[in-house]
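>
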Amino acid sequence: MKKKRILLISFLGLIILIVLATIIKGGTKELEVETSKIAIRTITEIVSVTGKIQPESEVKISADVSGEIIDMFVLEGDSVTKGQLLLRINPELYETAMSQLKANLDNSKASLEGSGAQLIKAKASSEQIALNYRRQKLLHDQKVISEQEWENAESQFEIGKADFEAAKKMLLASQYTVQSFAARLEEGRRNLGRTSIYAPASGTITHLSSEKGERVVGTAQMAGTEIMRISNLNVMEVQVNINENDIVRIHKGDSADIKVDAYDKRIFKGIVMEIANSAVFNAAQNMTDQVSNFVVKIRLLPSSYSDLEKDKKQAFLPGMTASVDVKTITRTKVVSLPIAAVTTRNPFVTEKKDEATTTTTKREVQTWVFLYNAGKAKAVEVKTGVQDLDFYEVLGGLKAGDEVVSGPSMSIAKTINDGDKLKKKK
């Protein structure tokens, strides 16, 4: 029994020794890593977004007058020139209105002539009464006529003046009536002309929302019915929504690389032309619960796709999807660091003060890399600037020629510590 106990204790001791040896050996094991040299590069910071291709110039065509479309002379996709007849709205109602307005104008002109004649008559009568008044006044001053006869002469004089003034006002009112009917007739003539709709600009019919036989509402009734759109497909743009965090980095004139799904991996060139001053919101969402987005318009430079239009075929169509990389900042000849080499320390650092108590101190997030220094890891805090897809600009902590650990990423993030032994991957 005693012998078995001794054997059991010896066996357990052997296991403990093996475990301790394994731990000691593992603690000194070299970590296999990938390294990169700090080099001088040009770094371009980009903002990546997706959007839709749209014509830079697009005209929405609506009817100025209401009625039924009786003729439609174009189809969607047709090319049109400025001044070309596009469609006609039934003009019968407006022709009838024109006839009525013309009759009213003729009647008002006749009334004007009558008022003119009345004025001439009133003027002659007034002059005759004034002459008689002066004679009566002379006789009255000489005591030849009675007071009653003099009062009658005064009364007739005042009536004559009043009739003359009334005739002048009647003539003026008739003139205003003629002007009013003439203006209404001109408006009726314009409305009749508006039943024929012409192209305001040259381009392509990119959207046709009404057909022959449909009734449309004119712009006199609020917005009116949109009938079609004419677009200039020679100059296209990508419209994108950029969130409030990135919009401050975008400027007019920034260049962009554009990929269009229809053209696989080909890259087209663009330039930022417009940046919205106010955000756009989805009406269905609470404005306080969503990120603000700003519309940015990026022109596709024709020189980057001119070869696609050799057969006079449009390279891009409205609504195509595009991926855009806007180049916001470029730094040339700067010290650069692979993004894969960077890690961050926990901002809450615990420091043991004594056996019984610990304190937690909040510190700023630190950016670290591990230098490969004679087969050992050396943790170095770095300050970074702009970045592209692969590299950071180094503002402090490293110099060109330094060798840093750049992989594996899991080792950099969790495993490697300052002073660990390292071995380069072959």
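Here my numbering is used: the first residue of the sequence shown is 17, the next is one more, and so on. Backbone N, C-alpha and C define an ideal beta-carbon position, used for all residues, glycine too.
Entirely within the segment 168-215 and at least 3 residues each: give me those beta strand (DSSP E) ranges in chain order.
212-214
> Determine the DSSP secondary structure at Pro318, reduced to helix, strand or coil.
helix
> Locate the beta strand (DSSP E) running through Ser73, then write down its first and last residues.
55-78
> Would you identify the three-state DSSP class for Ile246, choosing helix, strand or coil?
Residue state, collapsed to three classes: strand.
> How should Ala79 be labelled, buried or exposed, when 16 other C-beta atoms within 10 angstroms of its C-beta is the threshold for buried?
buried
> Mind checking which residues open and close the beta strand (DSSP E) that includes Asn123?
Per DSSP, Asn123 belongs to no beta strand (DSSP E); it is in the alpha helix (DSSP H), 108-157.
> Alpha carbon to alpha carbon, what distance is there between Ser225 and Arg315?
27 Å
> According to the neighbour-count rule (16 or more other Cβ atoms, all chains shown, within 10 Å of its Cβ), is Leu91 buried or exposed?
exposed
> Could you check the C-alpha separation between Phe297 and Asn309 for me, to the nearest Å?
7 Å
> Could you have a look at Gln306 and say whether DSSP puts it in helix, strand or coil?
coil
> Quick one: using the 10 Å Cβ neighbour count with 16 as the cut-off for buried, is Arg245 buried or exposed?
buried
> Met426 by DSSP, collapsed to three states: which one?
helix
> Apart from the five residues on each side of it in sequence, which residues of its chain come closer than 6 Å, Cβ to Cβ, to Gly219?
Ile246, Ser247, Asn248
> Which residue marks the beginning of the beta strand (DSSP E) containing Ile105, and which one marks its end?
101-105
> For Met88, list the residues DSSP reports as bridge partners.
Leu103
> Would you decide whether Tyr192 is buried or exposed? Buried here means 16 or more other CB atoms lie within 10 Å of its CB.
It is exposed - the Cβ of Tyr192 has fewer than 16 other Cβ atoms within 10 Å.
> Excluding the five sequence neighbours on either side, which residues of its own chain have a C-beta within less than 6 Å of the C-beta of Ser320, listed in chain order?
Hits under 6 Å: Phe284, Lys285.
> What ranges does the alpha helix (DSSP H) occupy inside the segment 263-298, keeping only unbroken runs of at least 4 residues that lie completely in it?
none
> Quick one: what does DSSP say Gln403 is sitting in, helix, strand or coil?
strand
> For Tyr338, name the three-state secondary structure that DSSP assigns.
Note on identity: in this sequence residue 338 is Ala, with Tyr being the wrong assignment. Three-state result, Ala338: strand.
> In the DSSP assignment, the beta strand (DSSP E) including Leu438 goes from what residue to what residue?
438-440
> Sorted by chain position, which residues of the same chain lie with C-beta nearer than 8 Å to Thr58's C-beta, five sequence neighbours on each side aside?
Excluding positions up to five away in sequence, the list reads Thr346, Arg347, Thr348, Lys349, Val350.
> Assuming Tyr408 and Leu353 make a contact with CB atoms under 8 Å, what is their CB distance in whole Å?
5 Å
> Out of Val194, Ala189, Arg104, Leu109, which one is the CA nearest neighbour of Asn123?
Val194
> Quick one: what's got a C-beta closer than 6 Å to Leu155's C-beta in the same chain, skipping five residues either side?
Ile161
> Determine the DSSP secondary structure at Lys378, reduced to helix, strand or coil.
Because the pLDDT of Lys378 is 48, which lies under 50, any placement of that residue in the model is unreliable, and the number read from its coordinates should be weighed accordingly. Lys378 falls in the strand class under three-state DSSP.
> Between Ser131 and Leu201, is the Cβ-Cβ spacing less than 8 Å?
no
> Considering only residues of the same chain and omitting the five flanking positions on each side of Lys440, which have a CB-CB separation below 8 Å?
Glu48, Val49, Glu50, Thr51, Tyr388
> Quick check: the segment 175-184 against the segment 125-144, are at least 3 beta-carbon pairs closer than 8 Å?
yes
> Can you find the residues in the same chain that come closer than 6 Å, C-beta to C-beta, to Ile263, ignoring five residues on each side of it along the sequence?
Phe310
> Would the beta-carbon of Lys343 fall within 8 Å of that of Ile77?
no
> Within this structure, are the beta carbons of Ser190 and Leu128 separated by less than 8 Å?
Yes; because the gap between Cβ atoms is below 8 Å, this pair is in contact.
> What residue range is occupied by the uninterrupted beta strand (DSSP E) comprising Gly219?
219-224
> Span of the beta strand (DSSP E) holding Leu443?
No information on residue 443 is available, as it lies outside the stretch 17 to 442 that the chain covers here.
> Give the C-beta separation of Asp434 and Ala393 to the nearest angstrom, bearing in mind that I take them to be a contact with Cβ-Cβ under 8 Å.
6 Å
> Nearest by alpha-carbon distance to Ser95: which of Gly234, Asn250, Ala113, Val358 is it?
Asn250
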